[in-house]
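Asks: The structure's right below; bear with me while I get my questions together.
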Amino acid sequence: MADLFGGPERRRPGRGKAAYSAADIEVLEGLEPVRRRPGMFIGGTDERALHQLAAELLDNAMDEVVVGAASRIEVDLAGDGTLTVRDNGRGIPVDPHPKFPRRSALEVILTTLHSGGKFGGTVYQTSGGLHGVGLSVVNALSEALRVEVAREDRVWTQRYRRGQPITKLIAANGGNGRGTAVSVRPDAEVFGPDAAFRPARVFRMARAKAYLHGGVEVRWRCDPALIKAPDQTPAEATFVFPDGLDDYLRELLKGRESLTPTSFAGRVALSGGGRIEWAIAWTADEETALSSYCNAIPTAEGGTHEAGLRSGLTKALKAFGELTGNRRAVLLTADDVLSGAIGALSLFIREPQFAGQTKERLANPEATKLVDGVIRDHFDHWLSGAPEVANTLLGSVLERLEERLRRREERESRHKSAVRKVRLPGKLADCSRDGPEGTELFLVEGDSAGGSAKQARERSFQAVLSLRGKILNVASAGQDKLRSNQELADLTQALGCGVRERFSERDLRYDKIVIMTDADVDGAHIAALLLTFFYREMPGLIRSGHLYLAQPPLYRLSHGGRIVYARDDADRDRQMREVFGDKGGVDVSRFKGLGEMMPAQLRETTMRLGHRTLLRVEIAAAEQDETGQAVERLMGRNPELRLAFIQERAPEVSDLDI
Ligand code: 28G
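Using the working numbering, read the sequence shown as starting at 125 and increasing by one per residue.
Shown next, in the form of structure tokens:
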């Protein structure tokens, strides 16, 4: 492409086709289409679209930085809502335009548009996509625009209104330095009367530019009157981030814990003038918080460069896993590897193509391979250079993998059961063994205890059903209410044996039903509610010896490497005496609930065969009447009575060691 202004032959990255040449002039048009259909050019007229004007100015200024012509960008938001962006680059050329000798190049740039089918609802495909629309679109959608160019010891100024020049290009002598400054006030006719740039949003956009180009200086200024609480945006700030994205990552990680004490960061020059830059760390969170950019333009919808990053990271970590003998590593997917990842990827290439609704997805197919290759190599290196960090990362990522596989298996086992024409409740984590022989269903209260129990169980024969909230007080509820209680309906469904006269022991899906509640007063209450439910609805299940109470510990006593667990206060005192000889210095911790215990603790103390104690629930024949009566007493409206009952009855259920 010919350089019309006699400068060095240089294409502005990201603007390959937006730059015009004599051959293009026939397709240049006026700005009416932009005013008629703003949405076709900036993707709407809402607040996001309004900020697209600010992005366009910043991107143009940034282009001067990227080609090495500018080193500083100033962003100024004035009290009247006017935004000024200034760079110390070459200054937009002001000499007469070769094809329109009566107009300056500056005026042509500000008042003409590539037609290329960008408007009128047809093709909307240019190199820069939305971002290539240039200064003329900003001009068309501004109530007032002022441009100032400093070149060769002169300052040139021109004003526009809704895209039309309202003054000539006026030259004044003096002015130090060079560059371009553009001030705009968005058109209320387009964006609505209340539309205004948001300080916080423009501030973030400006700061991002500084991160994306290590070394550029970004100065921010904003009229303090525009900054309304609780907005924390500073009124003035200057940014220089020599380490670019790595500085950005350090900022992101403030106040967070990172699994990777050193970040995975780097910068690589590509042949042909482009470059790849990245900075990534991993946190214990599940979400991925990666942002990506192409030519310093945000690609919120990702695209081909992000795909390359994902595959490069995944291949390298898998290879490391296999190398260190981890047989599960082959199963890793990009989602496993990326979960918890935080940071950014920035790519600079010659002719970016942006696609998607808001042109925020990079579409260049070659970008995937490019990024994949670079990232894979560097990540390989990084992992083998810090094997301890690499192992921590691999461990955490493998945990995600196991979680994912567990969920899938659960889905599939639910599916299998569905095929057997048994509808099972979604909250049931079933065991994998077919048929009831030797299987156990643990009933727990709440998702947190449910989570611990699911990790603690032996999944081949132990199932877990977590019941949410206090189970309906069945003793005082009527039949209808009882049937409509979701938790109890789930429970009945999971058991498969039917209730009352339809009860059939043959259809019971588990060998043992184990009530496992917290070792405290609330836990006792829930256990009592469940006992009542079983007594009323499935007495046969109790009679044939299928119902049990788990005995989770309430205390953990440790001293000198010795750890024992205690069920209640009396048990604690006994163990203090018998195990530790009342010596003192024993560390006593009290569990607030099952959900608070480590899965391994729960397994060893309460769920594991041969280590646990279960209590079998029985109804002594002679006591049946009395029990029936007791149930009424227990489940009446007086809570003190209920608890008294549970505490006095507990020792009466027969102990059975398993
Ligand atoms: C303040 C708000 C945003 C800008 C420049 C500098 C040049 C330029 C801008 O040229 C026409 C087409 C491709 C060369 C380029 C000056 C070369 C030599 C420029 C900005 C001519 C546009 N001298 N600075 N446009 N190109 N800053 N800041 O917009 O061939 S726009």
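Every residue, glycine too, gets a C-beta built ideally from N, C-alpha and C.
Note that the structure is a prediction, hence the values are computed from the model and not measured.
Per DSSP, what kind of secondary structure is S572 in: helix, strand or coil?
Replies: Helix at S572.
Asks: Starting from N297, follow the beta strand (DSSP E) in both directions and report where the run begins and ends.
Replies: Residues 294-297.
Asks: Is E276 near the ligand 28G, in the sense that its beta carbon is under 7 Å from a heavy atom of that ligand?
Replies: Answer for E276: no, Cβ out of range of the ligand 28G.
Asks: Output the distance between the C-alpha atoms of L177 and W344, rounded to the nearest integer angstrom.
Replies: Going by the C-alpha atoms only, they are around 17 Å apart.
Asks: Could you pull out every residue in the same chain whose Cβ sits closer than 7 Å to the Cβ of K551, ignoring the five residues on either side in sequence?
Replies: Within the same chain, K551 has close Cβ partners L589, S590, D614.
Asks: From this set, S537, R626, L230, which residue's C-alpha is nearest V218's C-alpha?
Replies: Of S537, R626, L230, the residue nearest in Cα terms is L230.
Asks: Measuring only the C-alpha atoms, how far is A295 from R172?
Replies: Cα to Cα, A295 sits roughly 36 Å from R172.
Asks: Does the distance between the C-beta of N184 and the nearest non-hydrogen atom of the ligand 28G fall short of 7 Å?
Replies: Yes, Cβ of N184 sits closer than 7 Å to a heavy atom of the ligand 28G.
Asks: Tell me whether E661 is buried or exposed, calling it buried when 16 or more other Cβ atoms sit within 10 Å of its Cβ.
Replies: So E661 ends up on the buried side.
Asks: Using the Cβ count rule (16 or more neighbours within 10 Å means buried), how would you classify T362?
Replies: It is exposed - the Cβ of T362 has fewer than 16 other Cβ atoms within 10 Å.
Asks: Which residues share a DSSP beta bridge with T403?
Replies: One point to set straight first is that residue 403 is Ala, not Thr, in the sequence displayed. DSSP output for A403 lists A389, A468 as bridge partner(s).
Asks: Does the structure place the region 481-489 close enough to the region 423-430 that three or more beta carbon pairs sit under 8 Å?
Replies: Enough Cβ pairs lie closer than 8 Å, so yes.
Asks: Taking 7 Å as the cut-off, is the C-beta of L358 nearer than that to any heavy atom in the ligand 28G?
Replies: Here residue 358 turns out to be Pro, not Leu, going by the sequence shown. False, no ligand heavy atom lies under 7 Å from that Cβ.
Asks: Once DSSP output is grouped into helix, strand and coil, what is the label at K439?
Replies: In this structure, K439 counts as helix in the three-state DSSP scheme.
Asks: With DSSP as the reference, identify every bridge partner of L565, one or two as the case may be.
Replies: Bridge partners of L565: A587, I637.
Asks: Measuring from the CB of L201, is there a heavy atom of the ligand 28G at a distance below 7 Å?
Replies: Every heavy atom of the ligand 28G is 7 Å or more from the Cβ of L201, so no.
Asks: Using 8 Å as the threshold, is the region 561-574 in touch with the region 639-647, meaning 3 or more CB pairs across them?
Replies: Because the criterion of three Cβ pairs below 8 Å is met, the region 561-574 and the region 639-647 touch.
Asks: What first and last residue would you give for the beta strand (DSSP E) that runs through V454?
Replies: Where V454 is concerned, there is no enclosing beta strand (DSSP E), given that its DSSP letter is neither H nor E.
Asks: Return the chain-ordered list of same chain residues with a C-beta closer than 7 Å to the C-beta of G449, the five sequence neighbours on each side being excluded.
Replies: Taken in chain order, the list of residues that qualify is empty.
Asks: In the structure shown, what three-state DSSP assignment does S382 receive?
Replies: DSSP places S382 in strand when its eight states are reduced to three.
Asks: Can you tell me where the alpha helix (DSSP H) holding Y711 begins and where it ends?
Replies: It should be noted that the sequence gives Asp, not Tyr, for residue 711. Unbroken run through D711 is the beta strand (DSSP E), 711-714; no alpha helix (DSSP H).
Asks: Measure the beta-carbon distance from A305 to R196 and round it to whole angstroms, keeping in mind my assumption that it falls under 8 Å.
Replies: Their Cβ separation, rounded to whole angstroms, is 12 Å, which puts A305 and R196 out of contact at 8 Å.
Asks: Give me the Cα-Cα distance between D693 and G709, rounded to the nearest whole angstrom.
Replies: The straight-line gap from Cα to Cα measures roughly 18 Å.
Asks: Please find out if some non-hydrogen atom of the ligand 28G comes closer than 7 Å to the beta-carbon of V209.
Replies: Checking every heavy atom of the ligand 28G against the Cβ of V209, one is found closer than 7 Å.
Asks: So the candidates are P385, V326, T384, K292; which of them puts its Cα closest to the Cα of E360?
Replies: The residue with the shortest Cα to Cα distance from E360 is V326.
Asks: Tell me, please, whether the region 408-417 touches the region 439-447 by the rule of three or more beta-carbon pairs shorter than 8 Å.
Replies: These segments do not touch.
Asks: Please report the distance separating the alpha-carbon of P157 from that of T169.
Replies: If I take the Cα positions, the gap works out to 15 Å.
Asks: With distances taken from CA atoms, which of S387, S463, L655, I473 is nearest S395?
Replies: Among S387, S463, L655, I473, the Cα nearest to that of S395 belongs to I473.
Asks: Please determine whether the Cβ atom of V306 lies at a distance below 7 Å from any heavy atom of the ligand 28G.
Replies: Yes, the beta carbon of V306 sits closer than 7 Å to at least one heavy atom of the ligand 28G.
Asks: Give the C-beta separation of R302 and R275 to the nearest angstrom, bearing in mind that I take them to be a contact with Cβ-Cβ under 8 Å.
Replies: Right, their Cβ atoms sit about 6 Å apart.
Asks: For P289, tell me which candidate among T236, G397, L673, Y372 has the shortest Cα-Cα distance.
Replies: P289 has its Cα closest to that of T236, out of T236, G397, L673, Y372.
Asks: Quick check on the burial criterion: 16 or more other C-beta atoms within 10 angstroms. Buried or exposed for Q610?
Replies: With fewer than 16 other Cβ atoms within 10 Å, it is exposed.
Asks: Identify whether H683 lies in helix, strand or coil by the three-state DSSP scheme.
Replies: In this structure, H683 counts as strand in the three-state DSSP scheme.
Asks: Could you give the DSSP three-state label for I290: helix, strand or coil?
Replies: DSSP places I290 in coil when its eight states are reduced to three.
Asks: If you draw a straight line from the C-alpha of T492 to the C-alpha of L525, how long is it?
Replies: The straight-line gap from Cα to Cα measures roughly 24 Å.
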